[in-house]
Structure formats: C-alpha cells, structure tokens
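Some notes on the structure that comes next.
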Amino acid sequence: MSTYPAIYSGQHVTAQLLSDMQPLTIMATTDQTVTNTATVQNDTTLTAPVSAGASYLVEIYILASSSSNTLNQGFKTRWSIPTGSSGERARFGSPNIAGNYTSRVNTNLQAAARDTGTDTTYLMTGDNGAHAFFESAVVLIGPNSGNVVFQFAQATAGGAGTSVARKAGSFMRVQRIA
Amino acid sequence: MTVYPTWRAGKKVSAELLTEQQTHIVIASSNLIRSNTATPTSDMALSFALAVDARYIVEAFIAFDAVSTTPDITVSWSVPSGTTGGRFCFGAATPGSTFTDETNGRVTVRSQSIGSNTNYTQHDNPQSITEILSLITSSTAGNVVFQWSQSTATASNTTRLADSYLRIERVG
C-alpha cells in the first residue's frame, strides 16, 4: 500500500501537507489538432509536473476525433516522462487491428498494457463523432524532475488537410502516491 | 491545472473546505424498476448537487438487469443550465450490433454530449456501464442526475440495480 503524504501523530497540518494530499486534475477546455503527421506531438494542455524520486498514479481520459471518414483512421498515443523514469501503461479503447473495428458504438476492445513510451493506436472514423479512450499508469520518477506529457498524432499521415484532434472535455488526473 | 480547494499558509482549515476536498460517493441503496418507457427520466438515487462556477469529475458505475433482451438501455444526464464538458461512454455495443452476451460482447467507446441519449445493448443478465463526465458549471447551481429508460418500451421490467454508484470529485 502506498499513501502520500505520510501523516504522523503530532504533525502540524500545513498548507503544503493538505496540498500534497490532493490529486491534480487537468481539464482540456479547447480542442488540439494535429495535421498530416504520424509523429507524436506534445499535448499542450495535458501535461503535469512531477518530482524526482516520487511515484504517481496518472490517469488520462481522452476524447478523440478524426477529420477522415476513412474506416480505420488511427489515433496514435504515447506518454513522455522524465529520463530515467518508468511506467507500465494500461489502455482501454478501440482496437488497432483492421477488421475488428466497425464503429465507436460497435467494436472489439483493446485492453492492453505497454510501457509509457511505446506507441498505441486506436482505430476510429471521422463520420460519427468523438471516441473515448482511457489510459493509466503508475509512473516511478527517476533522478530527474520534469513533466508527464500526453502525446498524440495520426497513426499514419493521412495527407494534406487531414487531422486528428484531442477534444475539449478530455482530462488528466495525477495523484502522488510516494 | 486545478486542485480544489487551494491551500495556502495561514488559511483557516474549516469543515467546509475539508469536506469539499473529499471525494463523494453516491450509492443507490435500492433497485429502481422501469417498464413501458423509452424516454430517459431522472434517477434521483444517483444525483449530486453542484456549485456554480466549479469543475467536477463524475464517474458513474451502473449495473442493470432485464428479463428480456428486447428493451435495451438508453442513458443520459441532466446538469445545470450552462454546464459544459465531456462525456465518456463505456459499455456494451449499440443495439443491433454483434453483442452476444454480457461476458463476451462488442463494446461502445464513444464520446457523447452530456444531455444526449446513449444506447447500450441490454442482455437478459446483469451487466454494467461506466460513464465519466468532466463538468464545468456556469452561473446556475443544480444537480447532476443520471437518467435512463428502456431503448424500446416493453412491458417487461428493466432494473437499475442497487449499489450502482457515482463518484464525484470537485477539481476546481
């Protein structure tokens, strides 16, 4: 069991202590679009500072859409974490195998685990609105402070004018656990 | 980037602030049975009061049962006027899909506007739905309320099971 911060009998209740008990939530209020590239880009909103030597539970709820109506247009994700850090990332959403995906309301499920730096692709189409994906990981921060950053791109560059978007309403919840 | 409440040196630690920092769980203590309706209406056992100009994460873990595969389930949400945000819908695939049963079926992984109807295939055994809302309230206070009905009105009962629950966290 991991609880942070540790609270001892006689310890002063400080603003820092109370703040350390709170999860940090980052809510995207605008869309972010990535156009015609399969190279993941930093999400400019879904990023959170982390401290060297600490551990965090990070949950990211993603609403995503595509400009393309082509069936199996993919949404690629990855996390950037400080050098020397590690984490195993669970992911739930539409599959990445063509033929097992029909639409966002009728699809096989992807329920896989990969490390934070490995690309994940969720298949989707652009003709029927946004998709919902969920990723989470316990991230052990190494000797370097920095940020946990959600990253995304098209699975395959779709050509001029095509894009994928991380939609408003997506959010990231980060709780320090050690 | 938000936390709520914001603590600073010298701030008075009050019961109200500590309560607002807590995660709130709303548990339905009894079953709710509906039949002969395809219009979602409020399930007041799964309701929570929201403050004005605030931010919340609301997670709903809902269990249903039905004696027939016919009616399926439609769910929606009521929120105070002016509230914006996102809605994540995870559960059985839409009616008419290749959903076979609650232990081996295709799924929905969609976003939906908060007040729109979302349909899930309902089998004739208990099954679950998870929906998550990220909410930003405006100048109107009110409740977030889970709503549901059968997708196809039938005389056979559909039951929202006891111990379904909401988890509400104020984050701003």
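From first to last, the protein sequence lines are chains A and B. To convert a position in the first sequence, counted from 1, into the numbering used here, add 565. To convert a position in the second sequence, counted from 1, into the numbering used here, add 1101. Where a beta carbon is used, it is the ideal one built from N, C-alpha and C, also for glycine.
Give me the residue from the options with the minimum Cα distance to residue i.
| i | options | result |
| --- | --- | --- |
| Gly652/A | Ser659/A, Arg643/A, Pro660/A, Gly658/A | Arg643/A |
| Asn661/A | Arg654/A, Thr610/A, Gln638/A, Ile646/A | Gln638/A |
| Leu688/A | Gln606/A, Ala678/A, Gly664/A, Val704/A | Gly664/A |
| Ser1239/B | Ser1217/B, Gly1183/B, Cys1190/B | Gly1183/B |
| Ser1131/B | Ile1269/B, Gly1273/B, Ala1263/B, Arg1268/B | Ala1263/B |
| Tyr626/A | Asn601/A, Gly726/A, Met592/A, Gln719/A | Met592/A |
| Ile1215/B | Asp1225/B, Val1245/B, Thr1209/B | Val1245/B |
| Phe1191/B | Gln606/A, Ala571/A, Ala695/A | Ala695/A |
| Ile1134/B | Thr1204/B, Val1168/B, Thr1185/B | Val1168/B |
| Ile1174/B | Arg1109/B, Gly1187/B, Thr1253/B | Thr1253/B |
| Arg679/A | Thr686/A, Arg654/A, Arg731/A, Ala702/A | Arg654/A |
| Trp1108/B | Ser567/A, Leu622/A, Leu583/A, Leu674/A | Leu583/A |
| Val605/A | Val703/A, Gln716/A, Ala613/A | Gln716/A |
| Glu1160/B | Phe699/A, Ala730/A, Arg731/A | Phe699/A |
| Ser668/A | Val1210/B, Phe1149/B, Tyr1105/B, Gly1273/B | Val1210/B |
| Asn601/A | Arg731/A, Gly723/A, Thr681/A | Gly723/A |
| Ala1139/B | Thr1259/B, Val1272/B, Arg1271/B, Asn1226/B | Thr1259/B |
| Arg1188/B | Ile1233/B, Pro1181/B, Lys1113/B | Ile1233/B |
| Ala702/A | Ala730/A, Met737/A, Thr598/A | Met737/A |
| Ser1148/B | Thr1185/B, Thr1120/B, Phe1162/B | Phe1162/B |
| Tyr621/A | Leu705/A, Ser710/A, Asp684/A | Leu705/A |
| Glu1042/B | Gly1206/B, Ser1235/B, His1224/B | Because chain B is modelled from 1102 through 1273, residue 1042/B falls outside the range shown and cannot be assessed. |
| Thr1204/B | Gln1228/B, Tyr1105/B, Leu1119/B, Ser1136/B | Gln1228/B |
| Tyr1157/B | Asn1137/B, Ser1143/B, Val1180/B | Val1180/B |
Round the Cβ separation of residue i and residue j to the nearest angstrom and send it over; I've been treating them as touching at under 8 Å.
| i | j | result |
| --- | --- | --- |
| Ser1055/B | Ala1193/B | For residue 1055/B there is no data in the structure shown, the boundaries of chain B being 1102 and 1273. |
| Ile742/A | Tyr569/A | 5 Å |
| Arg1231/B | Asn671/A | Going by the sequence as given, residue 1231/B is Thr instead of Arg. Their Cβ separation, rounded to whole angstroms, is 17 Å, which puts Thr1231/B and Asn671/A out of contact at 8 Å. |
| Val1319/B | Leu1267/B | Outside the shown range of chain B (1102 to 1273) lies residue 1319/B, about which nothing can therefore be said. |
| Ala720/A | Thr595/A | Not confirmed; about 23 Å, so no contact. |
| Gln1248/B | Trp1178/B | 6 Å |
| Ala580/A | Ala1110/B | 5 Å |
| Gln1213/B | Thr1219/B | 5 Å |
| Gln587/A | Gln1123/B | The Cβ separation is near 10 Å, so there is no contact. |
Would you list the residues sitting across from residue i in a DSSP beta bridge?
| i | result |
| --- | --- |
| Ser1229/B | Ala1164/B |
| Leu688/A | Gly639/A |
| His1125/B | Ile1269/B |
| Thr1175/B | Asn1220/B, Ser1250/B |
| Ser620/A | Leu705/A |
| Thr1131/B | What sits at residue 1131/B in the sequence shown is Ser, not Thr. DSSP output for Ser1131/B lists no bridge partner at all. |
| Trp644/A | Phe715/A |
| Ile591/A | Met737/A |
| Pro614/A | Asn712/A |
| Asp680/A | Glu653/A |
| Ala1150/B | Asn1244/B |
| Phe1200/B | DSSP lists no partner for Phe1200/B. |
| Glu700/A | Ile625/A, Arg656/A |
| Gly1192/B | Thr1209/B |
| Gln597/A | Arg731/A |
| Thr1259/B | Arg1135/B, Ala1167/B |
| Thr1238/B | Per DSSP, none; premise fails for Thr1238/B. |
Determine the burial state of residue i: buried for a count of at least 16 other Cβ atoms within 10 Å of its Cβ, exposed for fewer.
| i | result |
| --- | --- |
| Gly691/A | buried |
| Val1176/B | buried |
| Thr610/A | buried |
| Gly726/A | exposed |
| Asp1202/B | exposed |
| Gly1197/B | exposed |
| Ala1256/B | exposed |
| His577/A | exposed |
| Asn712/A | exposed |
| Thr590/A | buried |
| Pro614/A | exposed |
| Gly658/A | buried |
Discussion item. Against chain B, which members of the segment 666-691 of chain A pass a CB distance test of less than 7 Å?
Written reply: Arg669, Val670, Asn671, Thr672, Asn673, Leu674
Discussion item. To be precise: take each residue of the segment 1110-1134 of chain B, compare its Cβ to all Cβ atoms of chain A, and keep it if any distance is under 7 Å. Which residues remain?
Written reply: Ala1110, Lys1112, Val1114, Gln1122
Worksheet item: Which residues, in chain order, does the segment 1132-1165 of chain B contribute to contact with chain A at a C-beta distance below 9 Å?
Response: Arg1156, Ile1158
Practice prompt. Give the residues from the segment 1207-1231 of chain B that approach chain A closer than 7 Å (Cβ to any Cβ), ordered along the chain.
Written response: Arg1207, Val1208, Thr1209, Val1210, Arg1211, Ser1212
Worksheet item: Residues in the segment 710-740 of chain A with C-beta within 8 Å of chain B's C-beta atoms, listed in sequence order?
Response: Lys732, Ala733, Gly734, Ser735, Phe736, Arg738
Worksheet item: Which residues, in chain order, does the segment 577-589 of chain A contribute to contact with chain B at a C-beta distance below 7 Å?
Response: Val578, Ala580, Leu583, Ser584, Gln587, Leu589
Discussion item. At a CB distance below 9 Å, what residues from the segment 1173-1198 of chain B approach chain A? Give them in sequence order.
Written reply: Thr1185, Gly1186, Gly1187, Arg1188, Phe1189, Cys1190, Phe1191, Ala1194, Thr1195, Gly1197, Ser1198
Worksheet item: What residues in the segment 638-659 of chain A bring their beta carbon closer than 9 Å to a beta carbon of chain B?
Response: Phe657, Gly658, Ser659
Fill in: Residues of the segment 1230-1246 of chain B with Cβ closer than 8 Å to any Cβ of chain A, in chain order
Ile1233, Ser1235, Ile1237
Worksheet item: Can you list, in chain order, the residues of the segment 622-636 of chain A whose Cβ is nearer than 7 Å to any Cβ on chain B?
Response: Tyr626, Leu628
Worksheet item: According to a CB-to-CB cut-off of less than 9 Å, which residues of the segment 691-705 of chain A neighbour chain B?
Response: Asn693, Gly694, Ala695, His696, Ala697, Phe698, Phe699
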